[in-house]
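Chemist: full-length UniProt numbering numbers the first residue of the sequence shown as 1 and each following residue consecutively.
Following this message is one structure expressed as structure tokens.
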Amino acid sequence: MAIPYEQSGRRSQKARTRSALVDAARALLADGTTPTVEEAAQAADVSRTTAYRYFPNQRALVAAAHPEIDRASLLPDDAPDDPEKRLDLVLEATGRIVLDWEPQLRAGLRLSLEPGADPTGPVLRRGRVIGWILDALAPLAESRPDVDLTRTAVAVRSATGIEAFVWLVDVAGLEREDAVGLMHDNGRAIVRAALA
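Spelled out as structure tokens, the structure:
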């Protein structure tokens, strides 16, 4: 079995080089550029050849620059039992993620829309948000077994993610904070409709 380049020899130096490339990619994304490996290498003052050892293509680079939030839950330890209050906490957190990571999320969305791209691939679709919404709605599993919680969580996610944000900002012309507020309202309305 082959050892990945980053795991062989001089690991600390390789970790610093990888971090420099990811930081450069994030800075370029923040400036509105979806960087190529060459552009990130130049910005990080790393040779192209070295950069390609870490990231064989643009998709791998953007995936590395994508926000990594590996938490199983966005709820605090003392989360309320009320599903709507729990949902509010999750929607506030996911709205902040969209605002804080907008350039990276937009780049991932762009790459997922390219011809031949796997829309369920690692750049954009990891399903974390649906899990966080299901966690918020968990108290309903016992009190409302008639409600399809997975379907409800998917509906909330469809109205509150980067896709909805891009439409609200770019097409509808809303300010970013207003778009996040409307997405939050939409998520809450979807859950209320499911419970009605």
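From the three backbone atoms N, C-alpha and C, an ideal C-beta is built for every residue, glycine too.
#1: Under 8 Å, do Leu74 and Ala93 count as touching if we go by C-beta distance?
#2: Three-state secondary structure (DSSP) at Leu55?
#3: Of the choices Val129, Arg176, Val180 and Phe165, whose alpha-carbon is the least far from that of Thr150?
#4: Given this structure, state the Cα-to-Cα distance separating Phe55 from Val37, to the nearest angstrom.
#5: Based on Cα-Cα distance, which residue from Arg192, Leu91, Pro35 and Leu61 lies nearest to Arg144?
#6: Considering Ala40, what are the terminal residues of the alpha helix (DSSP H) in which it resides?
#7: Determine the DSSP secondary structure at Val147, reduced to helix, strand or coil.
#8: Could you tell me whether the segment 131-148 touches the segment 98-113, using the rule of 3 or more Cβ pairs below 8 Å?
#9: Rounding to the nearest angstrom, what Cα-Cα distance links Lys85 and Leu91 in this structure?
Modeler: To lay it out plainly:
#1: The Cβ atoms of Leu74 and Ala93 lie closer than 8 Å to each other.
#2: For the record, residue 55 in the displayed sequence is Phe; it is not Leu. In the three-state DSSP reduction, Phe55 falls in the coil class, being neither helix nor strand.
#3: When only C-alpha atoms are compared, the closest one is Val129.
#4: So the two alpha carbons sit approximately 7 Å from each other.
#5: For Arg144, the closest alpha carbon among the candidates Arg192, Leu91, Pro35 and Leu61 is that of Arg192.
#6: Following the DSSP letters along the chain, one finds Ala40 inside the alpha helix (DSSP H) bounded by residues Val37 to Ala44.
#7: In the structure shown, Val147 sits in coil (DSSP, three-state: anything other than H, G, I, E or B).
#8: The answer is no - the segment 98-113 does not touch the segment 131-148, with fewer than three Cβ pairs under 8 Å.
#9: Annotation: Lys85 to Leu91 spans about 10 Å, alpha carbon to alpha carbon.
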